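Worksheet for the structure shown next.
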Amino acid sequence: MLGLVFWGGTLLGTACGVVHAVHIMKVQSRLPGPDVKSMAFYRAAWALVLWTLVGGYLLIMWIFGLALRPIVGLFNRVNGPA
C-alpha cells in the first residue's frame, strides 16, 4: 500500500514538475542575452527532476498531516490552547 502511495506521489510530483518546467521555459526564453535557451532548458530540467523526486515525500507528509490534524484539534479542545 505504501508503495502505491509513493508511486502516486511520484506521478503527482512529475505532473507538477512538467507544469513548472513549461512555465520556466516560457519565462526564461523571453529574457535577452546569449545562450538563453540552453539555460532555460537546464533550469526547467532541474525543476522537473526535483519535483519528481520530492513528490512522493510531499504526498506522504500531506497524508500524515491530514491524519494528525483531528488528533491535535481534539487535544487542544480538551487541554486548551498553549
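So for the sequence shown, the numbering used here puts the first residue at 1; every next one is plus one.
Glycine included, every Cβ here is placed at the ideal spot set by N, Cα and C.
For clarity, every value in this text was computed on a predicted model and none was experimentally measured.
A47 sits close to I24, with the two beta carbons spaced by under 7 angstroms.
By alpha-carbon distance to V22, the top candidate from V5, P34, W7, W51 is W51.
The DSSP-derived three-state label of L50 is helix. When secondary structure is reduced to three states using DSSP, L31 falls in the coil class, being assigned neither helix nor strand. Distances from the CA of C16 to each of V36, L31, L53 were compared; the closest alpha carbon is that of L53.
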